[in-house]
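Each remark here refers to the structure printed beneath this line.
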Amino acid sequence: MAWVMRNRVTVGLLAVVVVAAYVFYWAANDIAPSMYVSAWGYAIPLVLAALVGVIGERSGVVNIGIEGQMLIAAFAGFFTAAATGSILVGVLVGVGSGLVAGAFLAWTTVRWRMDQIIAGVVLNIVATGITSFYYTPGKILPGVIPNLDIPVLQDIPLVGEVFFSGRSWIATVAILAAIGIHLLLFHTRWGLRTRAVGEYPSAADTAGINVERLRLVNVTIAGSLAGLAGVYLSMDASSSFERGMTAGRGFLALAIMIMGAWRPLRAFAMALFFGFVNAVASQLQQSGLGVDGEPSGFLEWLLAAVTSPQILATLPYVAVLVVLGLAAGRVRAPGAVGQPYVKGDQ
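Residue 346 is where the sequence shown ends in the UniProt record's numbering, and the numbering goes up by one at each step.
Here is the structure:
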């Protein structure tokens, strides 16, 4: 009860959103279920990628290279599975490549103290170059990532249908990762130490915490989540690999992380919001809104312009910019984020 009172605004807002979601689900049962399913499908890699950013920045390291980590993992996982005929091997290689990319970013930014933004940009450029140069068309997967239906939970109206039925196990991992990382960050010794090195590393060092080692480990391990997001994109969501298929999702994940105030569960909620806006945009494109034939006046021309597929496709990104604008000044990044730490500095 005390927790509810301290977070009454968040709880109240969550209650309103849940009620509205169920009302829309029952009132528009012909389109709402597919929209919700589409929204969660789009949000899954964003959740995983946003958690990568949360872990990194809570540790004091900016990870601009999430996009590159995801792209490398998508490439490695897909082509390994196609070459070996094993989905499991492909998933393991994809996650492993995410770890390697995370280790590269960690080593260059923490041990070599390279500018964190530049290191992330380098990772993105290298990932784009490698995956484009070695891309081979015509490869197919030997199967699909198995679905995981959760007993009891899958029978809950709306929630079960969207989250716990007919989804690959990666979707379940994304949910568990968001909950688990929240608990670890705010209710364990590791979480306390991670937040300490992200806020005031010199004080953490004085308390006996090895700042450099913790940052190295956290950023490296977080790369496995980016790897899993990339594997999902190429081996589940599309079952194919295309050049640049991450399509800016790594950068969107960073925006989601900021909108979520560097908190895992809030980032999860913002990823769902973005996924839903994307589903709404897709639904509007399919509904055939617009003007038939050539516009005959200014109002018809304006309607045709606003409802064009190109404009509707930008709706999710416009929504992100609006929410980021509203969040500006209301959320605060970890105090030492982006700052390399040298033992003895104050």
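No residue lacks a Cβ here, since even glycine has one placed at the ideal position from N, Cα and C.
DSSP puts residue i in a beta bridge; with which residues?
i    : result
S168 : N147
On the premise that residue j lies in contact with residue i, defined as a C-beta separation below 8 Å, what is that separation, rounded to the nearest angstrom?
i    : j    : result
Q69  : G96  : 12 Å between Cβ atoms; not a contact.
M245 : I145 : Actually they are not in contact, since the Cβ atoms of M245 and I145 sit about 16 Å apart, beyond 8 Å.
A81  : L141 : 5 Å
F274 : L46  : 6 Å
G227 : G138 : Their Cβ separation, rounded to whole angstroms, is 24 Å, which puts G227 and G138 out of contact at 8 Å.
S59  : V219 : 6 Å
E57  : G248 : In fact, because the Cβ distance is near 19 Å, the residues do not count as touching under 8 Å.
Please name the residue in the options whose C-alpha comes closest to that of residue i.
i           : options                : result
I179        : R263, Q339, A73, V19   : R263
A267        : M35, I311, A43, G12    : A43
T128        : A237, A76, T108        : A76
A319        : V211, G338, F276, V337 : F276
G160        : V322, A20, W40         : W40
A171        : N124, N147, A261, G198 : N147
M35         : L284, V342, T136, L252 : L284
L48         : G335, L176, V61        : L176
G164        : A226, D149, V173       : It should be pointed out that residue 164 corresponds to Phe in this sequence rather than to Gly. The shortest C-alpha separation from F164 is found at D149.
I156        : A336, L321, Y22, L225  : Y22
A255        : L51, D30, A20, V37     : L51
A333        : Y341, Y200, V217       : Y200
Y232        : T188, R167, A27        : R167
I221        : A207, I55, Y341        : I55
G338        : V62, G223, L321, L158  : V62
residue 361 : G12, V91, Y25, V37     : With the chain represented from 1 up to 346, any question about residue 361 goes unanswered, as that position is not in the structure.
A203        : A336, P33, W26, A328   : A336
L14         : L123, L326, N278, A269 : A269
A28         : L158, V331, F241, F186 : L158
L326        : Q116, A261, F78        : A261
A253        : T188, L321, Q286       : L321
F78         : W169, N278, D30, F241  : F241
G53         : T188, A20, I117        : I117
Counting only the same chain and skipping the five closest in sequence on each side, list residues whose C-beta sits under 6 Å from that of residue i.
i    : result
L272 : A43
I72  : S97, A101, A127
L173 : Here residue 173 is Val; the residue named in the question, Leu, does not match the sequence. So no residue of the chain qualifies.
I258 : none
T108 : M114, A119
P340 : R113
V37  : V162
N124 : G65, E67, G68
Q154 : G160, F164, S165
V106 : This sequence places Ala at residue 106; Val is not what is there. Cβ neighbours of A106 beyond the five flanking positions: L216, V219, T220.
F24  : A32
F278 : Note on identity: in this sequence residue 278 is Asn, with Phe being the wrong assignment. Closer than 6 Å at Cβ, skipping near neighbours: Y42, P316.
Leaving out five residues on either side along the sequence, give the residues of the same chain with a beta carbon under 7 Å from the beta carbon of residue i.
i           : result
A281        : L312, A313, L315, P316
V16         : none
V121        : I64
I209        : R193, A196, V197
R243        : T131, S132, Y135
K343        : D205
S239        : L141, V144
L99         : T220, G223, S224, G227
residue 353 : The first residue shown for the chain is 1 and the last is 346, placing residue 353 beyond what the model contains.
residue 348 : Here the chain covers residues 1 to 346 and nothing more, so residue 348 does not appear.
Check the Cβ-Cβ distances between residue i and every residue of chain B, and say whether any is below 8 Å.
i    : result
S202 : Checking the listed chains, one finds no chain B in this structure; it contains a single protein chain.
Within the same chain, show all residues whose beta-carbon is closer than 8 Å to that of residue i, passing over the 5 residues directly before and after it, in chain order.
i    : result
L184 : W190, G191
I130 : I72, F75
R111 : E212, L216
V89  : T80, A81
L265 : A178, I179, H182
V323 : M259, M270, F273
A207 : A196
W169 : I145, P146, N147, L148
Task: beta strand (DSSP E) runs contained entirely in the region 113-140, provided each spans 3 or more residues - done: None, since the region 113-140 contains no complete beta strand (DSSP E) of that length.
Task: Any beta strand (DSSP E) of 3 or more consecutive residues that is wholly inside the region 166-236 - done: Counting whole runs of 3 or more residues, the region 166-236 contains no beta strand (DSSP E) stretch at all.
TODO: Go through the region 31-110 residue by residue and report every complete run of the alpha helix (DSSP H) that reaches 4 residues or more, in order.
DONE: Those alpha helix (DSSP H) runs which fall completely within the region 31-110 and span 4+ residues are 32-58, 66-84, 87-106.
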